[in-house]
Amino acid sequence: MSSRIFGNSKRMFGIHSNRSTSRRRVRLQTESLEVRSLLTATLVADQVQAFENGDAMALDVLANDSFSDDYEGDRQITSVSFGSQGGRITINSDHQSLSYTPPADFAGEESFVYFVDNQFYTTVNVSIQSPLQDDEFTLPPDGQAHTLNVLGNDRFWDGYTGDRQITLVSTTNADSEVQISADGKSVMYTPSTFAQGRDQFVYIVDGKYSARATIDLTQPLRYDNYYILQNEPLKSYSVLANDPFWAGYSGAKQITLVSETSNGGSVQISADGRSIMYQPAADAYGWDSLTYVVDNTYEASASFNIQRPVQDDYTEIDYESSNQPISVLTNDYYYDHQTDRQIKIVQRVTDVQSETEHGGSITISANGQQVLYTPAPGFSGSDSFTYTADGRYPASVTVQVTRPVRNDSLSTYQDTPNRFLDVLSNDFLGNGYKGAKQITSVSDTESGGTIRLDANRLYYTPAENFTGGDSFTYVVDGELEASVYVYVQPLASYDSYSYCVNGAVETYTLNVLANDNFQFGYPGPSQITAVEASDGWAVSTSADGQRILATPSSSSVGELTYTVDNNYTASVYVYRTGHLSYDYFLMDQNSSTTTLNVLQNDFQNNHPWDACRSVNYRGAKRITSVSGSEHGGTVAVSADGRSIQYSPPTDFVGTDSFTYIVDGQMEATASVNVIQRLLNDEFHVASGQAEDLGLLHNDSFSGGYTGAQKITDVSASPSGAQVSISSDGRTIRYQAAAGFHGSETLVYTVDDQ
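If you want it as structure tokens, here you go:
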């Protein structure tokens, strides 16, 4: 919110003050020199109408400017800026007016600045009108001549004396043919049959005024997109089925040319010229595309999304295994983007390589659902082969042939004892190992956890209160060793909740244990034993110790901490969406107490995308309290609770702020920019001479100030000079004391403030 609040502008000002003050000082230096008078003039911005490519015109810009009765300047235009759009501006010989010529071929707004007596300036705004307007047409690219009535929407002003004839046209963007009609009132446009999208040209009327014509060319063909399966046979695709030939199209509507495809597919035109015969390249998948031409003129593209219904596989097998079954079809599917689901179509493995990359053997199982793999004797490492499903879909398989025990990465929970770690689940993947497969020893853990071996199973208990990573090793049959990494997760986890402030004083029930890990074997009671909150929130524990009861303050975010079984701690953040907005006000220095309508921009959350809508708020919408201001301004809640009464600190200039609370539930900040309207002055006056001092020339009364803008008081002269206020309140009369040389300071007041 941005509001402007002004008091009666009780301002006084001076110079060389060591602090911001509402009293402004005038520093006077008397000396035996000629008096330097203050010039006072008011220049008013000018609004001028001109025509595109118009002739030079005289601008009497001083006509609306005003000068004080005692103004001693020449009242002459002394300089002028360049035009913002390139218009030509010169000062006439009498220095009382300007000559202005609009920029060539420009219509719109231009501005420039002129200066009077090298001191005062203002802006001239020129609105340059064109008799023409841009045009838009929609046509088919049919190669036929079309008459475009481009002058039909053009607005020639009253008194326009030109012939209103099109005198010139440009070439078009798309190399279409364009020429002026015999009567000069329209344009004959013949679109290029190869043009697509938008075409444009510029026409000129009476040799002076230009406008742009845009032609949207309706395309007879549309882009085609097909989803097909890998290794599909040659099929017909009706690419013309979606092509919107315009009414009256006279061509044969036949495909006359087709390009090669981008990914090696084969393509040809059907015998009747109405479709395309396409087959993807062998084993290709992904995207393929081509371009086709209709009636030797119009061009479009077709894309083929080639779906692969099989997936490559990866597996591990113990060395020395033989005829180990690998279920390669388990993950074979493709994703259908049209139905947004996975599609499984393959039925069986129909072919495999006779030998793997490293000499292993591979055969198909009797049911066709698996392949049987045997690595080469003594081989370990990575081997690979390919298989084919349903006679058309190839995929590759990578087999890692390794020792029969493998490293593990597992997890458990803080202070949860005897967690079973199934370290053998990824061991002995095959039939090559002939040992007993018994865990014969286990090491100590790195972080103090304990391991228990029982009936070939390992049970892990982390160190008390420990969270993080732990590790150990185990040995099978006295010779095969593997390492185990265990991540110990905390029992209590971070929580976050969001609520909408609805006007009622609510107590939120927070089920903070729901995402914690006490249910996974922790032996304690799992009770919330303590809870704390910041920002004035009131919190307690439910009777069963399973939930937190939180009553919010006016803060929009509640930061809570809870403890379970006097040991396990986690944080909770409760976010509350309110209905208040930041406020901004503008106020004069030393203003009297002013009413600030801080609620004016509140309760506005009623957009369709607002999850917390103000229309559903049921509170009283009353300001219940307000903080002190940052810089000591006076702040109070009005009697009806609908606004704030504020006055700035004495002599303060800058930004002050405070926080207000509504219905005891929501808070927002308001800032007040306290501005200083009067500025210090300094004058030089000859000893014994009288001067009229225009103290207000550098003061600011814009932005909604409503006072009289008159000097209402001035202090006495310490040197004995005679000081008085002029009858119009705009200046003071200063008669320097005879024989006085030096400086003195006066203080003056505007509008009794």
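Residue numbers (the numbering used here): 584 to 1336.
Backbone N, C-alpha and C fix where the C-beta goes; we use that ideal spot for every residue, glycine too.
What you are looking at is a predicted structure, and each value in this text was computed from that prediction instead of being measured.
ask   = In the DSSP assignment, what are the bridge partners of histidine 807?
value = In the sequence as presented, histidine is not what sits at residue 807; that position holds aspartate. According to DSSP, which records beta bridges pairwise, aspartate 807 is partnered with Ala885.
Note to self: Looking at the secondary structure, which residues open and close the beta strand (DSSP E) in which valine 1157 lies?
What the structure shows: Bounds of the beta strand (DSSP E) holding valine 1157 are 1151–1160.
ask   = If you draw a straight line from the C-alpha of serine 833 to the C-alpha of glycine 726, how long is it?
value = Per the coordinates, the alpha-carbon of serine 833 lies some 11 Å from the alpha-carbon of glycine 726.
Check your understanding: When the distance is taken between beta carbons, is valine 935 closer than 7 Å to valine 954?
Key -> Yes. Within cutoff.
Let me check understanding here. Comparing Cα to Cα, which of Leu1041, Asp807, Gly1141, Ser1240 lies closest to tyrosine 1167? If we check each option's Cα against that of tyrosine 1167, Ser1240 comes out closest.
Give the DSSP-derived three-state secondary structure of asparagine 647 in the structure shown. Reduced to three states, the DSSP call for asparagine 647 is helix.
**Prompt:** With 16 as the cutoff for other CB atoms within 10 Å, does arginine 1159 come out buried or exposed?
**Reply:** The residue is buried, with at least 16 neighbouring Cβ atoms inside 10 Å.
*asked:* Under 7 Å, Cβ to Cβ, is there at least one residue of chain C near threonine 754?
replied: Absent here is chain C; the protein component of the structure consists of one chain.
Per-residue DSSP class, three states only, for serine 994: Correct three-state label for serine 994: strand.
If you draw a straight line from the alpha carbon of valine 1122 to that of alanine 1203, how long is it in whole angstroms? Roughly 25 Å between the two C-alpha positions.
Check: Quick one: complete beta strand (DSSP E) runs, 3+ long, within the stretch 794–871?
Finding: Here the runs fully enclosed are 807–812, 818–820, 838–841, 849–852, 859–862.
**Prompt:** Are the Cβ atoms of histidine 1214 and aspartate 1185 separated by less than 7 Å?
**Reply:** Going by beta carbons, histidine 1214 and aspartate 1185 fall outside the 7 Å limit.
Checklist entry - Cα separation between serine 1079 and glutamine 1102? => result C-alpha of serine 1079 to C-alpha of glutamine 1102: approximately 20 Å in a straight line.
### Query
What is the residue span of the beta strand (DSSP E) that phenylalanine 634 lies within?
Start and end: 629–634.
Using the Cα positions of threonine 874 and isoleucine 859, report the straight-line distance between them to the nearest angstrom. CA-CA distance, threonine 874 to isoleucine 859, rounds to 11 Å.
Taking DSSP as the reference, what is the three-state secondary structure of histidine 1280? If DSSP states are grouped into helix, strand and coil, histidine 1280 belongs with the helices.
### Cut-off 8 Å between Cβ atoms - residues of its own chain near serine 905, not counting five sequence neighbours on either side
Within the same chain, serine 905 has close Cβ partners Thr957, Asn1014, Gly1015.
| said: Using the Cβ count rule (16 or more neighbours within 10 Å means buried), how would you classify glutamine 1248? | reply: Classification of glutamine 1248: buried, given that the 10 Å Cβ count is 16 or more.
Suppose contacts are defined by Cβ-Cβ distances below 7 Å. Is serine 1254 in contact with threonine 1238 by that definition?
The beta carbons of serine 1254 and threonine 1238 sit closer together than 7 Å.
Problem set entry | Buried versus exposed call for aspartate 1264 [16 or more other C-beta atoms within 10 Å across all chains shown] | Within a 10 Å sphere around the beta-carbon of aspartate 1264 sit 16 or more other beta-carbons, which makes this residue buried.
Fill in: Reference methionine 771, options Val752, Leu734, His729, closest by Cα
Its Cα nearest to that of methionine 771, the residue His729 stands out among Val752, Leu734, His729.
Exercise for the section: Please classify glycine 813: is it buried, with 16 or more other beta-carbons within 10 angstroms of its beta-carbon, or exposed? Expected result: Correcting the residue identity first, residue 813 is glutamine in this sequence and not glycine. With 16 or more neighbouring CB atoms inside 10 Å of its own CB, glutamine 813 falls in the buried class.
Exercise. Can the beta-carbon of valine 1236 be found less than 7 Å from the beta-carbon of glutamine 1172?
Worked result: When the beta-carbon positions are compared, valine 1236 and glutamine 1172 come within less than 7 Å of each other.
- Is it buried or exposed for isoleucine 926, if we count other Cβ within 10 angstroms and need 16 for buried? Flag for isoleucine 926 reads exposed.
* Asked: Where glutamine 712 and isoleucine 787 are concerned, what is the direct C-alpha to C-alpha distance, given to the nearest angstrom?
  -> Their backbone Cα atoms lie some 15 Å apart in a straight line.
### Whether leucine 840 touches valine 876 by CB criterion (7 Å)
At a Cβ-Cβ threshold of 7 Å, leucine 840 and valine 876 count as neighbours.
By Cβ distance, which residues of its chain are closer than 6 Å to alanine 885, with the 5 residues on each side in sequence left out? If we look at alanine 885 and ignore the five residues flanking it on each side, its Cβ neighbours are Asp807, Val822, Leu873.
Residue burial classification, threonine 1028 (beta-carbon count within 10 angstroms, cutoff 16)
Threonine 1028 should be labelled buried.
What's the call for arginine 924, buried or exposed, on a 16-neighbour Cβ count within 10 Å? Under a 10 Å Cβ-count criterion, arginine 924 is classified as exposed, with fewer than 16 other Cβ atoms of the shown protein chains found around its own Cβ.
Got a sec? Which residues, its chain only, sit under 7 Å from aspartate 966 by beta carbon, not counting five neighbours each side? If the five residues before and after aspartate 966 are omitted, its C-beta is found closer than 7 Å to the C-beta atoms of Thr939, Glu940, His941, Gly943, Pro958, Val982, Val984, all from its own chain and listed in chain order.
Helix or strand or just coil, what does DSSP make of glutamine 1228? Here glutamine 1228 sits in strand by DSSP.
*Would DSSP call valine 709 helix, strand or coil?*
In this structure, valine 709 counts as strand in the three-state DSSP scheme.
Three-state secondary structure (DSSP) at serine 1008? Three-state result, serine 1008: helix.
In whole angstroms, what is the alpha-carbon distance linking leucine 1074 and serine 1125?
-> Each residue's alpha carbon lies about 20 Å from the other.
| field | proline 1135 versus glycine 1141 - alpha carbon distance | value | Taking the straight line from one Cα to the other gives about 7 Å.
Exercise. Taking all protein chains shown into account, do 16 or more other C-beta atoms lie within 10 angstroms of the C-beta of valine 1067, making it buried, or fewer, making it exposed?
Worked result: Valine 1067 comes out buried.
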